[in-house]
Every structure is written in C-alpha cells, then in structure tokens.
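All remarks here apply to the structure that follows.
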Amino acid sequence: MLFSTASRLRDRVRARTRHRVRSGLTAVLAAGLLTVSAAGAPAAPSRIIGGSEVADDAYPFMAVLLHQRPGQNAYPKQYCGGTLIHRSWVLTAAHCVEGWQTEGDFDVIVGRTQLSDTHKGHFRHHTPDVRIHPLYRPDEDDYDVAVFRLDKPVYGVTPVRLPTRGTDAMFRPGQRATVLGWGLTDDVHPHKPDRLHSVDVPILARAECQVSDGINTDTQICAGREGADACDADSGGPLSRTVPGREEFYQIGVVQGGEGCAAQGGPGVYISTGSARLFSTWPRYPLTNSGQEIPSRTS
C-alpha cells in the first residue's frame, strides 16, 4: 500500500539502513533527508550522477512513468523509469507501482528521449493489470520488481530483451553496463534534465556486492563506483548492455537502490533480470523465456 502520509514515510525511512528507495513517491534524498509537500507526498528528485545526454532514439524501449495525483512537489509528474519488454508490457520496480493498481493512477511514455518533445514517443495509460512480484515486501528489497500492462500495444519500437540461457557473460565482473534515466545530474546544483541521460558503470563481483548490508546476490547485482550512479526516481529504469556484433539491447538489471548516490564505497543495487530464482517464484509473470505473451495468465 502506498505510504501516503508524512509520518508513515518518515517511519519507513528510519526503518531502512541504506539508501534504497529511489522513486519520486517515496524518495530519500542523497543528503539523507526526506522532504514532504504540504499535501503529504514526498519530493521527487531524480538523478543520473556522472552521466551525459543521449542522442535521439538511442534507447527507444525506455519508458517514463508520470503520476496523475495532485499536490506532489516542484518536480511534477515524472517519478520513475521503466522499460518496454513486450509491446503491451512495461517492467519497473515494485515500489514505483505499489498501491497504484487503479486505472488512471499514472501514465507512461515510451520512446521519447526529450520529454518536452511531444511529437515523439508513444503515450499510454496503464491498466489495472499490475503484477508485483509476490515475494516483494516494502521493508525488504530483494524482489523489488513489477510489470504492468498498457492500455494499447506499442508498435514500431523494439522491446529491450531480457537475459536467457547462454548470456551469463553479460554479468561478468568488470564488464561495463549502462544506466538510463531523466535524473538530476548532481546534488549541489539540482537540475532536472529534459533529455534522457546515461552513465556507464562496472559490474561488481558477488564478494564486492555482499559487503553491502542486506544484499541477496541470488536476486540482486551491484554496479558502479564513486562518481557514477543512478539515484532517486531513476527507480525502475534499466541497467543494460549490448552484445558485441549484435544491435540488440539486453536489460540485466532494474534500478533499485544503493548506499547513496555515487557515494564512496557504495555501489548501486539492481534487481537481476538474469536471476532464475526471481522468475521461478513469480508464477504470474506474463511472458515466456523468449519474450512472448502468455494469454492464459490474466489479472
């Protein structure tokens, strides 16, 4: 259920020992402070730290989630990222859609690099068919993932691919992956960019990831070092890679949390889309291993 009051939000923040929640609806700032509007909704800063702008149409599968509830803050509408994994389905973080299962709670834009360019991209509404991983708990992080169905399919955009057997090399420590988001680019002079940003980060070994408290390496991976990271409200966006010699994007992680925004010694934490445990415990996941929709699985 969405944490809708300032007191409940503060209680939730105190109970968490690390900087994990990155959505604009339940955001802990990089400075460690929670700001709440007069309406009781938290502020919605979002960041790609150490990144740069991307070219038009470079990542057409990228989605942005736009809230439709009034009285949010100085950063209206945009609050989380996501990815098109099928023409009718978007993948995001569970905490981005938790409690938002009524049609019309939020909208989605797919394939728009510059948010103000209304002539590009595909505007969609979500449906009530929001499928949060059944093992997700708001006070835990290792199953923080969800999918939701769009009201209309998106055509003309190639969905991002998810890892399959034989793609284990994409998770090899030291390999570089790309994080995407429309986030604030630094903490000192916060500015919300209109254009999608990206940053390359190194994938860390399990041993390095386990140094961070509470990481479940069966379902989570770590990436990034000081000076380059995702941050608040980049939640739900992708950690992606390409396969050499093939013009295909693979999403190996879902932006989730970490020790802080590009903080020294604090890696970014991602839900691993290559986790067999993640999908074997998610019976209502709507797609096959090859990315085809399973019609028999309904809401």
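Per numbering that gives the first Met the number 0, residue 0 is the first one in the sequence shown, and the count goes up by one each step.
For glycine and all other residues, C-beta sits at the position ideal for the given N, C-alpha and C.
The segment 116-131 makes no contact with the segment 169-176, as fewer than three CB pairs between them are under 8 angstroms. With respect to the C-alpha of Trp281, the residue from Leu114, Gln219, Pro133 having the closest C-alpha is Pro133.
Spanning the alpha carbons of Trp88 and Arg148 requires a straight line of approximately 5 angstroms.
Beta-bridge annotation (DSSP): Met61 is paired with Thr82. Annotation for Leu277: the continuous alpha helix (DSSP H) segment containing it runs 275-279. In this structure, Leu179 sits away from Pro266, with a CB-CB distance that is not shorter than 8 angstroms. By DSSP's assignment, Gly236 forms no beta bridge with any residue. Here Ala222 has Ala176, Val178, Val200, Pro201, Ile202, Leu203, Leu238, Gly252, Pro266, Gly267, Tyr269 as same chain residues with Cβ atoms under 8 angstroms from its own Cβ, once five neighbours each way along the sequence are excluded.
Between Val63 and Thr112, the gap from beta carbon to beta carbon reaches 8 angstroms or more. Going by C-alpha positions, Asp233 is about 24 angstroms away from Arg171. Scanning Gly110, His125, Cys95, Ile84 for the CA closest to the CA of Glu102 turns up His125. Two segments are said to touch when three or more pairs of C-beta atoms, one from each, lie closer than 8 angstroms; by this definition the segment 127-142 does not touch the segment 240-250.
A residue is called buried when at least 16 other Cβ atoms come within 10 angstroms of its Cβ; Arg164 does not meet this threshold and is exposed. Following the DSSP letters along the chain, one finds Arg148 inside the beta strand (DSSP E) bounded by residues 145-149. Of the residues assessed, Thr287 falls on the exposed side of the cut-off, its CB having fewer than 16 other CB atoms within 10 angstroms.
Cβ contact annotation for Met61 (same chain, cutoff 6 angstroms, sequence separation greater than five): Leu179, in chain order. Taking 8 angstroms as the cut-off, the Cβ atoms of Pro152 and Gly273 do not count as close. Taking the C-beta atoms as reference points, Val254 is found nearer than 8 angstroms to Gly80. A distance below 6 angstroms between beta-carbons, with the five flanking residues on each side excluded, links Pro158 to the following residues of its chain, in chain order: Phe60, Leu83, Ile84, His85.
The continuous stretches of beta strand (DSSP E) do not include Val159, and DSSP gives it neither H nor E.
With fewer than 16 other Cβ atoms inside 10 Å of its own Cβ, Asp167 counts as exposed. Here DSSP, grouped into helix, strand and coil, assigns Arg130 to strand.
The beta carbon of Asp217 is closer than 7 angstroms to those of Ser274, Arg276 in its chain, skipping five residues each way along the sequence.
Pairing Lys76 with Leu65 gives a Cβ-Cβ distance under 8 angstroms.
Each of Arg123, Pro192, Ala145 was checked against the Cα of Tyr154, and the nearest Cα belongs to Arg123. Listed in chain order, the non-local C-beta contacts of Ala93 below 8 angstroms within the same chain comprise Ile131, His132, Tyr135, Tyr142, Asp143, Val144, Ala145, local neighbours out to five positions each way being set aside. Per DSSP, the continuous alpha helix (DSSP H) segment holding Ala206 begins and ends at 205-208.
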